[in-house]
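Visitor: Following this message is one structure expressed as structure tokens.
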Amino acid sequence: MPGPASQPKVRVVTFRVDDQDLSAREDETLIEVCREHRIPIPSLCYLEGLSAWGGCRLCMVEIVGQPRLAAACSTRVVEGMEVHTDTERLRRYRRTLVELLFAERAHVCSVCVSNGHCELQTLAQRCGVDHMRMPRRAVSYPVDSSHEMFRVDHDRCILCTRCVRVCDEIEGAHTWDVMGRGSDCRVITDMAQPWAESETCTSCGKCVQVCPTGALVKQGTSVGEMVKDQHFLPILARRRHPR
Amino acid sequence: MSLHRPKPPLPSDDTRWKLVNATMRRNGYADHALIETLHSVQDAFGFLDETALRFVAASLDVPLSKVFGVATFYHLFRLKPKGRHTCVVCTGTACYIKGAGVLVDALRAHHQVEPGETTADGALSVLTARCVGACGLAPAAVVDGEVVGKLAPEALLERLDQLEHAKTAPAPPPRARAPA
Amino acid sequence: MHLDDLAEQAATIRARDAETEHEIRVCMAASCQSSGSGQVLDALRAGVEPQTQSCRVKGVGCMGLCSAGPLVAVAAPGDTLNASRLYRDVAPTDAPAILDNLGNPEPIERLHCPTDQPFFTAQHRIVLEHSGRIDPDSLDDAIAVGGYSALVRALTELTPAEVLREVTSSGLRGRGGGGYPTGLKWSTVAKMPGGQKYVVCNADEGDPGAFMDRAVLESDPHRVIEGMAIAGYAVGASKGYVYVRAEYPLAVERLTNAIRKAKRAGFLGSQIADTQFGFEIELRLGAGAFVCGEETALMASIQGLRGQPRPRPPYPAEAGLWGCPTLINNVETFANIAPIVREGGDWFAALGTEGSKGTKVFALAGTIVNTGLIEVPMGTRLAHIIEVIGGGIPGGGRVKAVQTGGPSGGCIPRAHLDTPVDYDSLKGLGTIMGSGGMIVMDERSSMVDVARYFMEFCMTESCGKCVPCRTGTQQMHALLERIAAAEAGRAELALLEELCEVVQATSLCGLGQTAPNPVLSTLRYFRDEYESRLVD
Amino acid sequence: MSATPKLKVATAWLDGCSGCHMSLLDMDQRLIELSERIDIVYSPLVDAKVLPERVDVGILEGSISNADDLALARRFRAHCRVLVSLGDCAVNGNVPAMRNHFPLEQVLARAYRENVTLQPQLPERGVPALRQRVVPIHGEVTVDVFVPGCPPSAEAIWQVLVALLEGRDPDPSAFTRFGA
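Residue numbers (full-length UniProt numbering), protein chains in the order written: chain A, 1 to 243; chain B, 1 to 180; chain C, 1 to 536; chain D, 1 to 180.
As structure tokens, then:
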């Protein structure tokens, strides 16, 4: 018999996105509103149900009157704002960012278990990236197949930290984190030991499901067989952190 | 909800653990004392090994991966023991313009060691630093904690040779082992 | 404690000091210490023992002319640096000669470093007013020259709003690089609803070639503490952190010492100057990460996390340390506060230019005769700083370019040396004021190589969080290596420029957004150096 | 139709599996339509053994992995007005470039010594020398059109050729992607 919850006063604001008049609660971010209204804004680190990270920079948009671009995932809507999400300049930046990601590690789509179901691959096609102008960085990382159910292939990791956040914020285990700095960053389990030896991993597999690429996958999958299922995330997020 | 959080026992009876513990106690075993505590481990033991990282993680109740993430993010933290002597070549702008690169090359050629590494015999660790603030003495290096400036490569090599021959600097104490 | 009590205490100390005829000041800042000033101090002390009353030997902070260290000044107590007799390149064996010469009207010729040369006379010292005069480890010395009088005055005679008004009217802008109006920043934090607030001093001076903050901390630490406490009073914060580079052990030691002494004397702690205001300062050490100079990364580091920036807003003034309103200023900014409160905001605003008030401390380094620390009014022409104060290029060579702002800045070519140094003029030239590093380069320096050097810096210091900075700096560095080695063609130069634009526009924090600056500025002024290396 | 001169097309496969050429043949009856509008003047699929002086469209499959690949890519660039990178190997190195993770000596040892039971030896005669690193075509010569895919579908290749025939800029991303 719950009484009326004392709602903090949240205003509703109106604004314009790509010539479309919209309204939303002022505590919502641009990307939330755009996704709700099916205005496509690319992102590889944002995922509904996880905290915003602001790392991939693909969701940058133009706000009229602001000299700098804004990341839609970490910008709240403001009364009267006018947003452009798909200008020629933004398209060019996004293409370059996707190219940079492809060139950073050995993303070889043809032999990836996520081929055909990979967010990076799909985004490349959508952005019109048909080649990389810069050479691929000459590094490679070992594949950790020690876990009986899952596998991590760092060559396919884009450091979006979705796995880190889902493990910390939803599962509560905080098995994953990031080690190192710059391009040498790597996602790690516990003390960067083989996944199977992790003392904190509950083998829940959420990290695998939220991974946008073929970096975290199920064992026993072959090329193109790894299909991710993320429908659980908004549901669990609401249960864990009721608004 | 407050769950009981037991403090882990000290990894060994090495008294240096007490210094580490004191840092954590002074900060109320709060998770934000992590970097301070890692500094104190490194001051006491010279580097951060797995035993220490696990002890700190358990004491401050910080996830292992987070501790490892922090320890590897900051360039000052070392996960391997240092050599008997260290030579930090300053590669700040002023030193760079005045030939820090030549110093690094000389060390590479003469001691077969890359910056960030220790010679095979454990005698010398070579590091680079982004400006030690002695721009007036460029190019400068810090040899066993002492800043030496206006260096020609020959002078630096000679100075390092003297260190090894003199053997005056005490070797760092051996790393404490946890009781089996 | 009343202002009168403090003034009386200062007078007593000065009177006691004045009983000594000569004061021998030995620079004990890091650079002179590296040249052996510690042994000089010991030798002088050993020699002076029998004479006691007539002569006092003390270690002091930076006197500025680092390239001539160890520096020793012979003065009457209370004398300014310029009024003293200065000796350069002093060795411990020179101690007897210096002591023997105390009464002589003529200085020792072979050691003498005249203080009537432009390096000293053309400066205007506010931040460094006591640097090189007082013993940084002595609270008495600080009090004797008026230390903490601004704090006590603020607490006992001014309301927080009045302090804010002085800081705002002074026109002081942040000295850490961005140049954000300090008064505005303070007011924002002050306006946030009560509860826990923090004051943070950013002493993570990471620009290679910059050592202003280090010198202030090593020479006059109480001044920074005083500035922070005044800030705490003005914005309603009771706790402060100094985030200082671990690479500066001497600064850490002196600051620790100063905080302890200030606390014991009641300038920190609860009920300061018998008022209800309390303020504590805690030191936090960095661990070698340039990006921690960025304010959100710095706060993450204080909280024991990886020093990775987060998107702003919320700004630290609204939600900073542990989500509380937090004021972050750099060392030099805090060092300006006590004089502003003491002399008034209008006094400060009368110095400098229209948009940039007061003075600025610069670290002069590179290919220049006088390497060291200088303080000049905003608006001083670059040529004046380099040719007159800095003494020009050794051997009379020509300046090719001056680099300001470190890895976030750019190179100013010789043709623009007539520019006045202020925030807006430098911005117009495609560089920034930055924290005050000023590297002079002569004709031998390759601008492509300079750009490559700074890009390597940004690449290794990138935290790895955002894609453009993490991978973009790495690709730009690879392109610069190829251009420097004459392996790249026109298409690669075009790609470099494209990457500059993308990294600048899309990076998460200031480190990434400004990382292309050294490339863009050298391309702007020295494009021919790039093009002459292209192969096609 | 026959009034307009036919487009001269040359194709070659470098370091690849020839799958992209198979995909080209997968066009089925459209090949007949194509044959009325283009002439294949040089290709592993036809008998002509000399690359004509002037070619309208050159299509390269595979990456540049050895000395012969490089020579052929350069010849194509010199002779072709429009150069097309066909397939992932040509566009980004794909599988052949996976050997870049290892030094060339290790790659050769693995292929010709460690995994060979009968008379293990490095081939020296009659084979082109492998280059240290595998690069996509545009790593060495300028490329005009990139058609990713492993292999690109017959439809994608058709669309690209039709666009070139009609003098339009092809938009391969509308029909194909990396790994497709």
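Note that beta-carbon positions come from the ideal geometry of N, C-alpha and C, so glycine has one too.
1. Less than 8 Å between the CB atoms is what I'm expecting for valine 33 of chain A and isoleucine 63 of chain A, so what's the real figure, rounded?
2. I believe lysine 6 of chain D touches isoleucine 38 of chain D by the beta-carbon criterion, under 8 Å. Please report the beta-carbon distance rounded to the nearest angstrom.
3. Taking a contact to mean a Cβ-Cβ separation below 7 Å, would you say glycine 410 of chain C touches glycine 430 of chain C in this structure?
4. Taking the beta carbon of alanine 67 of chain D as the centre, do at least 16 other beta carbons fall within 10 Å, making it buried, or is it exposed?
5. Could you say which of B:Arg108, B:Val113 and B:Arg130 lies nearest to glycine 122 of chain B if we only look at CA atoms?
6. Please look up how many angstroms separate the CB atoms of aspartate 422 of chain C and glycine 355 of chain C, rounded, as I've assumed it's under 8 Å.
7. Tell me, please, whether the CB atom of serine 2 of chain D is closer than 7 Å to any CB atom in chain A?
8. Between leucine 139 of chain C and the rest of its own chain, which residues show a CB-CB distance below 8 Å, the 5 nearest in sequence each way excluded?
9. Is the Cβ of aspartate 130 of chain A closer than 7 Å to any Cβ of chain D?
10. Quick check on the burial criterion: 16 or more other C-beta atoms within 10 angstroms. Buried or exposed for arginine 151 of chain A?
11. Does alanine 138 of chain A get closer than 7 Å to chain B when you measure Cβ to Cβ?
12. What is the residue span of the beta strand (DSSP E) that asparagine 100 of chain D lies within?
13. Going by DSSP, what residue range makes up the beta strand (DSSP E) through leucine 24 of chain D?
14. How about cysteine 109 of chain A and glycine 179 of chain D: are their beta carbons less than 7 Å apart?
15. For the candidate residues C:Gly171, C:Leu71 and C:Asp89, whose alpha-carbon lies nearest to that of leucine 81 of chain C?
16. Please classify tyrosine 112 of chain D: is it buried, with 16 or more other beta-carbons within 10 angstroms of its beta-carbon, or exposed?
17. Between the UniProt domain "4Fe-4S ferredoxin-type" (192–221) of chain A and chain C, which residues of the former have CB atoms less than 9 Å from a CB of the latter, in chain order?
18. In the DSSP output, which residue or residues are listed as bridge partners for valine 147 of chain B?
19. Give me the residue from B:Pro8, B:Gly69 and B:Pro11 with the minimum Cα distance to isoleucine 35 of chain B.
20. Between methionine 179 of chain A and chain B, is any beta-carbon pair separated by less than 7 Å?
21. Would glutamine 403 of chain C be called buried (16 or more neighbouring beta carbons within 10 Å of its own) or exposed?
22. If we ignore side chains and look at the alpha-carbon of each, how far apart do glycine 205 of chain A and lysine 66 of chain B end up?
23. State buried or exposed for glutamine 66 of chain A, treating a residue as buried only when at least 16 other CB atoms are found within 10 Å of its CB.
24. Along the chain, where does the beta strand (DSSP E) containing arginine 310 of chain C start, and where does it finish?
25. By the three-class DSSP mapping on this structure, what secondary structure does proline 174 of chain B have?
26. Tell me whether lysine 465 of chain C sits in a helix, a strand or coil according to DSSP, three-state version.
27. Taking cysteine 34 of chain A as part of the alpha helix (DSSP H), name the residues at either end of that continuous run.
28. Is any beta-carbon of chain B found at less than 7 Å from that of serine 51 of chain A?
29. So, with DSSP's three-state summary, where would you put proline 377 of chain C?
30. Pull up the DSSP beta-bridge partners for arginine 533 of chain C, would you.
31. Given a threshold of 16 other Cβ atoms within 10 Å of its Cβ, counted over all protein chains shown, does isoleucine 235 of chain A qualify as buried or as exposed?
32. Could you give the first and the last residue of the continuous beta strand (DSSP E) run that contains asparagine 330 of chain C?
33. Using a 10 Å radius around the Cβ and a threshold of 16 neighbouring Cβ atoms, would you call glycine 83 of chain B buried or exposed?
34. In chain order, which continuous runs of the alpha helix (DSSP H) of length 4 or greater are located wholly inside the region 149–209 of chain C?
35. Give me the residue from A:Leu97, A:Phe232 and A:Thr175 with the minimum Cα distance to arginine 133 of chain A.
36. For the putative contact between cysteine 157 of chain A and valine 187 of chain A, defined by C-beta atoms under 8 Å, what is the C-beta separation to the nearest angstrom?
Guide: Based on what the coordinates show:
1. Not confirmed; about 13 Å, so no contact.
2. That belief holds up - the Cβ atoms of lysine 6 of chain D and isoleucine 38 of chain D are roughly 6 Å apart, short of 8 Å.
3. Taking 7 Å as the Cβ cut-off, glycine 410 of chain C and glycine 430 of chain C qualify as a contacting pair.
4. Using a 10 angstroms sphere on the CB of alanine 67 of chain D, the tally of other CB atoms stays under 16, which defines it as exposed.
5. Checking every option, the nearest Cα to that of glycine 122 of chain B belongs to B:Val113.
6. For a cut-off of 8 Å, the C-beta gap from aspartate 422 of chain C to glycine 355 of chain C is around 6 Å, short enough to register as a contact.
7. The predicted position of serine 2 of chain D is uncertain, since its pLDDT is 48 and thus under 50; a value taken from the coordinates is nonetheless stated next. Not closer than 7 Å to any Cβ of chain A, the Cβ of serine 2 of chain D fails to qualify, so no.
8. Apart from sequence neighbours up to five positions away, the residues of its chain that approach leucine 139 of chain C with a beta-carbon distance below 8 Å are Gly147, His222, Ala258, Lys261, Ala262 and Ala265, ordered along the chain.
9. At least one chain D Cβ lies under 7 Å of aspartate 130 of chain A.
10. Arginine 151 of chain A comes out buried.
11. It does not; no Cβ of chain B falls within 7 Å.
12. No beta strand (DSSP E) holds asparagine 100 of chain D; DSSP gives it neither H nor E.
13. Counting along the chain, leucine 24 of chain D falls outside any beta strand (DSSP E), though it belongs to the alpha helix (DSSP H) covering 19–25.
14. Closer than 7 Å, so yes.
15. Nearest option by C-alpha distance: C:Leu71.
16. Classification of tyrosine 112 of chain D: exposed, given that the 10 Å Cβ count is below 16.
17. So the list is empty, because no residue satisfies the distance condition.
18. Checking the DSSP bridge columns, you'll see valine 147 of chain B partnered with B:Val142.
19. It is B:Gly69 whose Cα lies nearest to the Cα of isoleucine 35 of chain B.
20. Yes, its Cβ sits closer than 7 Å to a Cβ of chain B.
21. So glutamine 403 of chain C counts as buried.
22. Each residue's alpha carbon lies about 20 Å from the other.
23. Using a 10 angstroms sphere on the CB of glutamine 66 of chain A, the tally of other CB atoms stays under 16, which defines it as exposed.
24. From DSSP, arginine 310 of chain C is part of no beta strand (DSSP E); its letter is neither H nor E.
25. Bear in mind that the predicted position of proline 174 of chain B carries a pLDDT of just 41, short of 50, making it unreliable; the figure below should be weighed with that in mind. Residue state, collapsed to three classes: coil.
26. Reduced to three states, the DSSP call for lysine 465 of chain C is coil.
27. Note, cysteine 34 of chain A: alpha helix (DSSP H), 30–36.
28. Cβ-Cβ to chain B under 7 Å: no for serine 51 of chain A.
29. Residue state, collapsed to three classes: strand.
30. Arginine 533 of chain C has no beta-bridge partner at all, per DSSP.
31. In the assembly as shown, isoleucine 235 of chain A is an exposed residue. Its beta-carbon has fewer than 16 other beta-carbons within 10 Å.
32. Per DSSP, asparagine 330 of chain C belongs to the beta strand (DSSP E) from 326–330.
33. Residue environment for glycine 83 of chain B: buried (at least 16 other C-beta atoms within 10 angstroms of its C-beta).
34. The alpha helix (DSSP H) runs of length 4 or more contained entirely in the region 149–209 of chain C are, from start to end of the chain, 149–157, 160–170 and 182–191.
35. Considering only A:Leu97, A:Phe232 and A:Thr175, the residue with the shortest C-alpha distance to arginine 133 of chain A is A:Leu97.
36. Cysteine 157 of chain A to valine 187 of chain A, Cβ: 6 Å. Contact.
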